[in-house]
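Chemist: Once you've had a glance at the structure underneath, I'll fire off some questions.
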Amino acid sequence: MPRSPATCTVPPSTALLTVAGGQLVAAPRAAPERVRRKRPASANPYLRLLATPGARAFTAGNLIARLPMGMLSVSAVIMIAGSRGSYALAGAVTATGLAATAVVAPFTARLVDRYGQARIAVPATALAVLGSLALVLCVHHDAPAWTLFAAYAATATTPNTGGMSRARWAHLHRGDPAALHTANSFEQAADELCFMLGPVLAAVLCGALFPEAGTLVGAFLLMTGVLVFAAQRATEPPPTPRTRTAVSPLRTPGMPALLAVFLATGAVFGALEVVSIAHAGGAILALQAAGSCAAGLLYGSLRPARNVHRRLLLCLTAMTALMSLPLLATTSTVSLPVLALCLLLAGAATAPTMVTGMTLVQRATPAGQLNEGMTLSVTALLGGVAAGAATGGWLVEHAGTVSGYAAPMGAAALALAVAAAGTSLRRPGVSGGSAR
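Each residue of the sequence shown is one higher than the one before, starting from 244 at the first, in my numbering.
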């Protein structure tokens, strides 16, 4: 007895019969599904970070734009001192540019937050590049000294490319503390690398080609890098129009104390730089930057701290202890290899301190004002560098280089004391992503 059509079943794998071109052929019921194997996620947190869509493109542009940060001031000193025969004039010109940057940079960052990175960063960089070109022309044509100050002050519109890059990471990985921790560590290592390679590249260009070469190449790299960076619109944080109720990040809880910590930390860098150059020459500073760069990358592979404020205290304690090593080395021995090793070890605490401090700045700053908040921290850092350099130079001149190494250790201890006293750094009532 034949089966009823209602009870007749066809196995899923049974072929269907059809007629094609007068021939009876068998066709599968359904096309076989392709099995897609997911690639296992990389165990390296930096590879996972750079696998973020669009990350490599804006990182490449940012690194190109950031390299001149370590070139332009050194190039200006070499160029002006070689032309005018006065390191005092060269130092005064660069100091004026630093002071102008401290005033202008927060306003530039505020415009970036309000109107977007691409709309503000490109014209601001163009103005800064014009200032660098004007400085070259003034030096080359032996213009009056005041024109050098005016030209170099115009470079103050240079946007904080490192801050803009950190703002992109914060936008792409909001709600992911581990990824942000790795991103901040990566950015700090990039800072150290650029400030390690920049002065060397500037010195080579000015010495091998002509005195203006370092400034010209630095200006070209800056403009090129910002254009590449700004062209990556897919990863750009959306602009946040400023409202009447919006307040400056300076008035957010914990920010003043954080900026005081950055100010004292900058004094560590400025004093260490001047004293080390006076004692053993500038090349030895590369070891301190190398130690910081390596420590920053290693720190980024660790888990983010649950209590970031406590981690900052630990980092500052380690920095204070390690900054005593150069002082002990110069007091007990005259061996440069021993001092070099101590500077390498001393640098190991600076990057973790900066990464942790920047994490607190990001958490204390309103989301729509990240560029302004991070630029304020960089401004405080630069102010500390200037104060530390002046203090270190005074100690070298009046007490010698051995005693001068007490300045960075004392500045680190001051930063630790400020952080320990700054109970306002904490933001109670918020867990996980708090600034604890």
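Just so you know, even glycine gets a beta-carbon here, dropped at the ideal spot from N, CA and C.
1. Is the stretch 503-516 touching the stretch 620-638, taking contact as three or more C-beta pairs under 8 Å?
2. If you draw a straight line from the C-alpha of residue 457 to the C-alpha of residue 439, how long is it?
3. Keeping to the same chain, check which residues put their C-beta closer than 7 Å to that of residue 381; ignore five residues upstream and five downstream.
4. In whole angstroms, give me the CA-to-CA distance for residue 728 and residue 460.
5. According to DSSP, simplified to helix, strand and coil, what is residue 455?
6. Checking 9 Å against the spacing of the C-beta atoms, do residue 614 and residue 472 come in under that value?
7. Since residue 541 is in the alpha helix (DSSP H), which residue starts that stretch and which ends it?
8. Looking at the unbroken alpha helix (DSSP H) that takes in residue 516, where does it start and where does it end?
9. Buried or exposed: residue 287, going by 16 or more other Cβ atoms within 10 Å of its Cβ?
10. Return the chain-ordered list of same chain residues with a C-beta closer than 6 Å to the C-beta of residue 563, the five sequence neighbours on each side being excluded.
11. Can you give me the Cβ contacts of residue 346 inside the same chain, cut-off strictly under 8 Å, excluding the 5 residues immediately before and after it?
12. Does DSSP put residue 326 in a helix, a strand or coil?
13. Distance, Cα to Cα, residue 463 vs residue 624?
14. Give every residue of the same chain whose Cβ lies closer than 7 Å to the Cβ of residue 636, excluding the five residues on either side of it in the sequence, and list them in chain order.
15. Please state if the CB of residue 372 and the CB of residue 466 are separated by a distance shorter than 9 Å.
16. Can you name, in chain order, every residue of its own chain whose Cβ lies under 7 Å from the Cβ of residue 352, other than the five neighbours on each side?
17. For residue 294, which of helix, strand or coil comes out of DSSP?
18. Would you kindly work out how many angstroms separate the C-alpha atoms of residue 316 and residue 375, rounded to a whole number?
19. For the stretch 427-446 against the stretch 532-544, do three or more pairs of beta-carbon atoms, one drawn from each stretch, fall closer than 8 Å, so that the two count as touching?
20. Compare the C-beta of residue 324 against all C-beta atoms of chain C and say whether one is closer than 9 Å.
21. Please classify residue 403: does DSSP put it in a helix, a strand, or coil?
22. Taking Cβ positions, are residue 579 and residue 569 nearer each other than 9 Å?
23. Could you give the distance in angstroms between the alpha-carbon of residue 558 and the alpha-carbon of residue 651?
24. Out of 307, 560, 408 and 493, which has the shortest C-alpha to C-alpha gap to residue 297?
25. Please report the straight-line C-alpha distance between residue 359 and residue 303, rounded to a whole angstrom.
26. If you draw a straight line from the alpha carbon of residue 589 to that of residue 554, how long is it in whole angstroms?
27. So which of 362, 661 and 396 has the shortest CA-CA distance to residue 469?
28. Run the CB neighbour count on residue 545, radius 10 Å, all protein chains shown included, and call it buried at 16 or more, exposed below.
29. Tell me where the alpha helix (DSSP H) around residue 646 begins and ends.
30. Taking the alpha helix (DSSP H) that residue 555 falls in, what are its first and last residues?
31. Please go through the same chain and pick out, in chain order, the residues whose beta-carbon is closer than 6 Å to the beta-carbon of residue 509, but skip the five residues on each side of it.
32. Look at the alpha carbon of residue 556 and the alpha carbon of residue 663, and state the distance between them as a whole number of angstroms.
33. So what's residue 664 in DSSP terms, helix, strand or just coil?
Modeler: On the basis of the data shown:
1. yes
2. 15 Å
3. 390, 391 and 394
4. Not covered by the structure: residue 728. The range shown for the chain is 244 to 679.
5. coil
6. no
7. 528-543
8. 498-523
9. exposed
10. 655, 656 and 659
11. 399
12. helix
13. 26 Å
14. 517
15. yes
16. 403, 406, 614, 615 and 618
17. coil
18. 10 Å
19. yes
20. The structure shown contains no chain C; it holds only a single protein chain.
21. coil
22. no
23. 15 Å
24. 408
25. 19 Å
26. 18 Å
27. 362
28. exposed
29. 644-647
30. 551-565
31. 624, 627 and 628
32. 7 Å
33. helix
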